[in-house]
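Protein sequences, first through last, are from chains D and X. Residue 1 is where the first sequence starts when you use this note's numbering, and the numbers rise one by one after that. Residue 1001 is where the second sequence starts when you use this note's numbering, and the numbers rise one by one after that. No residue lacks a Cβ here, since even glycine has one placed at the ideal position from N, Cα and C. Written below as structure tokens is the structure these notes are about.
There are 2 protein chains.
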Amino acid sequence: MRPSIKQVALEAGVSIATVSRLLNQPDSVSVDTASKVNQAIEALGFRPNFTGRNLRAGRSHTVGVVVPTLSNTVFAQCLQGIETAARQRDYSVMFSATEYRQQDEAAAVELLLAHRVDGVILTVADAEASTTLDVLDRERIPYVLVYNQPQQSTRPSVSVDNHAAAYDAVTHLIKLGHRRIQMLAGQFHASDRALQRYHGYLQAMQQHGLPPLAPIEVARHTYTSLALEYLQTFRDPLQRPSALFCSNDLLALSVMRDLRALGLRVPDDVSVMGFDGIPLGELMDPMLSSVEQPSEQIGGLALRTLVTAIEETQDGYQAASSHILPHTVRIGASVKPFTNPL
Amino acid sequence: MRPSIKQVALEAGVSIATVSRLLNQPDSVSVDTASKVNQAIEALGFRPNFTGRNLRAGRSHTVGVVVPTLSNTVFAQCLQGIETAARQRDYSVMFSATEYRQQDEAAAVELLLAHRVDGVILTVADAEASTTLDVLDRERIPYVLVYNQPQQSTRPSVSVDNHAAAYDAVTHLIKLGHRRIQMLAGQFHASDRALQRYHGYLQAMQQHGLPPLAPIEVARHTYTSLALEYLQTFRDPLQRPSALFCSNDLLALSVMRDLRALGLRVPDDVSVMGFDGIPLGELMDPMLSSVEQPSEQIGGLALRTLVTAIEETQDGYQAASSHILPHTVRIGASVKPFTNPL
DNA sequence: GTGAAAGCGCTAACAT
DNA sequence: ATGTTAGCGCTTTCAC
Chain D
1 MRPSIKQVAL
11 EAGVSIATVS
21 RLLNQPDSVS
31 VDTASKVNQA
41 IEALGFRPNF
51 TGRNLRAGRS
61 HTVGVVVPTL
71 SNTVFAQCLQ
81 GIETAARQRD
91 YSVMFSATEY
101 RQQDEAAAVE
111 LLLAHRVDGV
121 ILTVADAEAS
131 TTLDVLDRER
141 IPYVLVYNQP
151 QQSTRPSVSV
161 DNHAAAYDAV
171 THLIKLGHRR
181 IQMLAGQFHA
191 SDRALQRYHG
201 YLQAMQQHGL
211 PPLAPIEVAR
221 HTYTSLALEY
231 LQTFRDPLQR
241 PSALFCSNDL
251 LALSVMRDLR
261 ALGLRVPDDV
271 SVMGFDGIPL
281 GELMDPMLSS
291 VEQPSEQIGG
301 LALRTLVTAI
311 EETQDGYQAA
321 SSHILPHTVR
331 IGASVKPFTN
341 PL
Chain X
1001 MRPSIKQVAL
1011 EAGVSIATVS
1021 RLLNQPDSVS
1031 VDTASKVNQA
1041 IEALGFRPNF
1051 TGRNLRAGRS
1061 HTVGVVVPTL
1071 SNTVFAQCLQ
1081 GIETAARQRD
1091 YSVMFSATEY
1101 RQQDEAAAVE
1111 LLLAHRVDGV
1121 ILTVADAEAS
1131 TTLDVLDRER
1141 IPYVLVYNQP
1151 QQSTRPSVSV
1161 DNHAAAYDAV
1171 THLIKLGHRR
1181 IQMLAGQFHA
1191 SDRALQRYHG
1201 YLQAMQQHGL
1211 PPLAPIEVAR
1221 HTYTSLALEY
1231 LQTFRDPLQR
1241 PSALFCSNDL
1251 LALSVMRDLR
1261 ALGLRVPDDV
1271 SVMGFDGIPL
1281 GELMDPMLSS
1291 VEQPSEQIGG
1301 LALRTLVTAI
1311 EETQDGYQAA
1321 SSHILPHTVR
1331 IGASVKPFTN
1341 PL
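Here is the structure:
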């Protein structure tokens, strides 16, 4: 068995309380007992057991994180931001993924709650109608959404303004002369952000008097391939959109690959705009145009917001606050002004 | 305060032992008491507290993961693989990053040990000379290295054969007629894999009677830029290498961007070979040639290996086993046969 | 089949 | 400045 403060106390010839004090308020122990105890700690290779501490304190100094998948760079960056900020504040991070499955959100949160995490940072399929968030609300566990941006409810979140960001991106395409602009997205039901971005697309189109096209909804949110028969319709320059607006960068890069395979050139035949601004997009040739959101900062801010809520939740339960971070439309060579294909 | 088995017992009119039994061996409880207790659990919204359970059991059903950074896709994929496998086995995952700083490895592991994780999966700077691993060995905490591939020591690991993989990649370049092949890597002292890959490069060169070139060691392991003055030397077709072998894909993609900025074409002027085989490399144009390693499987296998070691560590401490997974050299258009620049 | 009680490691009154 | 003790939530003998 690993040594506990008990063996340390025995070894040092003091009481367990003294050992505990040395660990928590070193100043409240006399110098020579301190050295005795430290010596015993050293000799036994003692390491405090947080399980005991946490049980006693009713707090774990641990936050839970639940996102769809780390295969999407954007969530990996966000988790990285969370972890860095957590480490600075002596919090640990417990991580779980859902693979975009709504039922797995609930299971993941249940497990985190059983571990008694002090709070949760998460991205859910639909922030408005989420039984998982209902549980968190009911249990009064502080949480912060990332990427989700609830409209109706007042659930705490850190995100960009998805609607405005999409609006800006599409407006940029329109300003370049594009009229047939189509959106490509993963399943809307698994991503409320994608839907909000679609609404931004719609508003931009309508505001400029352009008829919106039906969105292309593909099965996966990450690496994907357009159905070949669908892609075939892109052969006709009059039928295909002159610009594609994709709900994330992985889809944008995937469709660019598909278009190339079809013999079409980006941006000459089709302009492509992504969303997320993943770092690798900048290394592409042509450089991917995309709406940049600061994923690592989103994670960092979410963690700080969460910790604030946790530590203010002494007596009354304090919900975390919401933050909208600025986005920027990154212009790369994957987009160019519209030219008549005829 | 959240309800404990105590309130459940009170509510159901049974002892806490009965509640505990229902939770752990439901069959050992009579049907009608079971229903009474279940009703109480429902009514109170009881959720078992793992902290208490873990303290008592001396086990946490949690594994720790320590990698350099999630900004490198390869580690994100690996963590994703770990998490998926862990979830299947009802293990939770605590995650920490080191940003390639060796002192942070120790701190991260210390924190995990304080949380009494049952085992650790990690990538360290140098698996042979790692005080962090010494701690784990001394404390008899099961662990599995990922990506690290210790040569001398018998430390358990899951990786590809870095030396052989690099050898294969460079041999491929040589077979294409390249003679001036240079390696580009992050700081070797922060990545023993990079060094092993360099040795593979050396062997391939020497075995084919080619003079190896001094490796280019850049400061960062991820998104980077070659020093401009250095890159300038690439202007001279006779001075520059005809092929670059990069220690990872992020460096490969970064240098491709740099070369483009310089007006050089890949692969016409310089062929580029990466290492890792990140999914995004396949979406590039030209498609990135790279040594593919199965990152998600590495993570999954590491987790399974670790859990096996954990659960066999009942009495005697059982170290985990090592595994070498197969690599494949992915050939993309970033590499082409050597042509005389004159 | 069920209950009583000890104890995992720790902290925080409370006492001295 | 230090010791004594109760108890956080849970599992597990040991009785009955």
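Residue interval of the beta strand (DSSP E) (run including Glu83 (chain D)): Walking along the first sequence from the start, residue 83 (chain D) turns up at place 83. From DSSP, Glu83 (chain D) is part of no beta strand (DSSP E) but of the alpha helix (DSSP H) over 73-88.
Distance CB(Ala12 (chain D))-CB(Val144 (chain D)) smaller than 8 Å: What you label residue 12 (chain D) is simply residue 12 of the first sequence in a count that begins at 1. What you label residue 144 (chain D) is simply residue 144 of the first sequence in a count that begins at 1. It is not a contact, given that the beta carbons lie outside the stated cut-off.
DSSP three-state assignment for Gly274 (chain D), whether helix, strand or coil: Within the first sequence, numbered from 1, the residue matching residue 274 (chain D) stands at position 274. Strand.
Residues in the stretch 1092-1121 of chain X having any Cβ partner in chain D nearer than 9 Å: Ser1092, Val1093, Met1094, Phe1095, Ser1096, Ala1097, Glu1099, Asp1104, Ala1107, Ala1108, Glu1110, Leu1111, Leu1112, Leu1113, Ala1114, His1115, Arg1116
Minimum Cβ-Cβ distance from Glu1042 (chain X) to chain D less than 8 Å: As a working mapping, residue 1042 (chain X) is identified with position 42 in the second sequence. Closer than 8 Å to the CB of Glu1042 (chain X) there is not a single CB belonging to chain D.
Min CB distance Ala85 (chain D) to chain X below 8 Å: As a position in the first sequence, residue 85 (chain D) is number 85, starting the count at 1. Answer no: the Cβ-Cβ gap between Ala85 (chain D) and chain X never drops below 8 Å.
Proximal residues of chain D, C-beta to C-beta of Gln1080 (chain X) below 8 Å: To locate residue 1080 (chain X), count along the second sequence from 1; it is residue 80. Thr69, Leu70, Ser71, Ala97, listed in chain order.
Residue ranges of each beta strand (DSSP E) within the stretch 1208-1266 of chain X, 3 or longer: 1243-1246
CB contact below 8 Å: Ser273 (chain D) versus chain X: Here residue 273 (chain D) corresponds to residue number 273 of the first sequence, with the count starting at 1. A quick correction: the sequence has Met, not Ser, at residue 273 (chain D). No, because no Cβ of chain X sits closer than 8 Å to the Cβ of Met273 (chain D).
Span of the beta strand (DSSP E) around Tyr1167 (chain X): Taking the second sequence and counting its residues from 1, the one referred to as residue 1167 (chain X) is at position 167. Run containing Tyr1167 (chain X): none in the beta strand (DSSP E); it sits in the alpha helix (DSSP H), 1162-1175.
Buried versus exposed call for His208 (chain D) [16 or more other C-beta atoms within 10 Å across all chains shown]: As a position in the first sequence, residue 208 (chain D) is number 208, starting the count at 1. Under this definition His208 (chain D) is an exposed residue.
Residue closest to Val1135 (chain X), alpha-carbon to alpha-carbon, out of X:Tyr1147, X:Thr1305, X:Val1014, X:Gly1119: Mapped onto the second sequence, residue 1135 (chain X) falls at position 135. Looking at the Cα atoms, X:Gly1119 is the closest of the given residues.
Same chain only: Cβ atoms within 8 Å of His115 (chain D), ignoring 5 sequence neighbours per side: Reading the first sequence from its first residue, position 115 is the one you call residue 115 (chain D). Counting only Cβ-Cβ distances below 8 Å, and skipping sequence neighbours, we find Ser60, Thr62, Gly64, Met94.
Chain-order list of residues whose beta-carbon lies under 8 Å from that of Ser1028 (chain X) (same chain, five-residue window excluded): Walking along the second sequence from the start, residue 1028 (chain X) turns up at place 28. Cβ neighbours of Ser1028 (chain X) within its own chain (closer than 8 Å, five residues either side excluded): Arg1021.
Environment of Lys6 (chain D) [buried if 16+ CB atoms lie within 10 Å]: Taking the first residue of the first sequence as position 1, residue 6 (chain D) is located at position 6. Exposure of Lys6 (chain D) is indicated by the presence of fewer than 16 other C-beta atoms within 10 angstroms of its C-beta.
Every unbroken beta strand (DSSP E) within the stretch 22-82 of chain D, with a cutoff of 3 residues, ordered by chain: 62-67
Beta-ladder partner(s) of Leu122 (chain D), from DSSP: For the purposes of this step, residue 122 (chain D) is taken as residue 122 along the first sequence, with counting starting at 1. According to DSSP, Leu122 (chain D) bridges with D:Val66, D:Leu145.
Local Cβ density within 10 Å of Asp1032 (chain X), reported as buried at 16 or more and exposed below that: Stepping through the second sequence from its first residue, residue 1032 (chain X) is reached at position 32. Counting C-beta atoms within 10 angstroms of its own C-beta, Asp1032 (chain X) has fewer than 16 neighbours from the protein chains shown and is therefore classed as exposed.
Sequence-distant residues of the same chain with beta carbon closer than 7 Å to Thr313 (chain D), five excluded per side: Translated into positions along the first sequence, residue 313 (chain D) becomes position 313. Excluding sequence neighbours, Thr313 (chain D) sits near Pro142.
Stretch pair the stretch 35-47 of chain D + the stretch 86-104 of chain D: three plus CB contacts closer than 8 Å: no
Residue closest to Ser242 (chain D), alpha-carbon to alpha-carbon, out of D:Gln182, D:Ala261, D:Asp90, D:Ala127: If you number the first sequence from 1, residue 242 (chain D) lands on position 242. It is D:Gln182 whose Cα lies nearest to the Cα of Ser242 (chain D).
Short-range partners of chain D found in the stretch 1124-1146 of chain X, where Cβ spacing is below 8 Å: In summary, the residues of the stretch 1124-1146 of chain X whose CB is separated from some CB of chain D by less than 8 Å are Arg1138, Glu1139, in the order they occur in the chain.
Assigned exposure category for Gly177 (chain D) - 16 Cβ within 10 Å defines buried: The sequence position of residue 177 (chain D) within the first sequence is 177, counting from 1. With fewer than 16 Cβ atoms within 10 Å of its Cβ, Gly177 (chain D) is classed as exposed.
Secondary structure of Ala1127 (chain X), DSSP reduced to three states: As a working mapping, residue 1127 (chain X) is identified with position 127 in the second sequence. In this structure, Ala1127 (chain X) counts as coil in the three-state DSSP scheme.
Cα-Cα separation between Arg1265 (chain X) and Asp1258 (chain X), rounded to whole angstroms: For the purposes of this step, residue 1265 (chain X) is identified with residue 265 of the second sequence, where counting begins at 1. For the purposes of this step, residue 1258 (chain X) is identified with residue 258 of the second sequence, where counting begins at 1. Distance between the alpha carbons of Arg1265 (chain X) and Asp1258 (chain X) is about 10 Å.
Separation of Val1170 (chain X) from Phe75 (chain D), as counted between CA atoms: Your numbering for residue 75 (chain D) matches position 75 in the first sequence. Your numbering for residue 1170 (chain X) matches position 170 in the second sequence. Each residue's Cα considered, the two are about 34 Å apart.
Inside the stretch 301-331 of chain D only - beta strand (DSSP E) runs reaching at least 3 residues: 323-325, 328-330
Distance cut-off 7 Å: Val37 (chain D) Cβ against heavy atoms of the ligand PLP: Annotation note on the ligand PLP: not contained in the displayed structure, which lists no ligands.
C-alpha gap between His172 (chain D) and Tyr201 (chain D), whole angstroms: In the first sequence, residue 172 (chain D) corresponds to position 172, counting from 1. In the first sequence, residue 201 (chain D) corresponds to position 201, counting from 1. Cα-Cα distance, rounded: 11 Å.
Contacts around Gln206 (chain D), its chain only, beta-carbon distance under 8 Å, and the 5 residues preceding and following it disregarded: For the purposes of this step, residue 206 (chain D) is identified with residue 206 of the first sequence, where counting begins at 1. The residues are Pro212.
Exposed unless 16 or more other CB atoms sit within 10 angstroms - verdict on Pro337 (chain D): Taking the first residue of the first sequence as position 1, residue 337 (chain D) is located at position 337. So Pro337 (chain D) counts as exposed.
Three-state class that DSSP yields for Gln1196 (chain X) in the structure shown: Numbered from its first residue, the second sequence carries residue 1196 (chain X) at position 196. Note: Gln1196 (chain X) maps to helix in three-state DSSP.
Anticipated Cβ contact below 8 Å, Gly1081 (chain X) with Ser1290 (chain X), distance rounded: By 1-based counting over the second sequence, the position of residue 1081 (chain X) is 81. By 1-based counting over the second sequence, the position of residue 1290 (chain X) is 290. Contact flag wrong, Cβ pair sits at about 18 Å.
Per-residue contacts from Arg1260 (chain X) into chain D (C-beta, under 9 Å): Working through the second sequence from its first residue, we reach residue 1260 (chain X) at position 260. Those are Asp285, listed as they occur along chain D.
Partners in chain D for Thr1171 (chain X), counting only beta-carbon separations shorter than 7 Å: Locating residue 1171 (chain X) in the second sequence gives position 171, where the first residue counts as 1. Chain D residues near Thr1171 (chain X): none, gap ~27 Å exceeds 7 Å.
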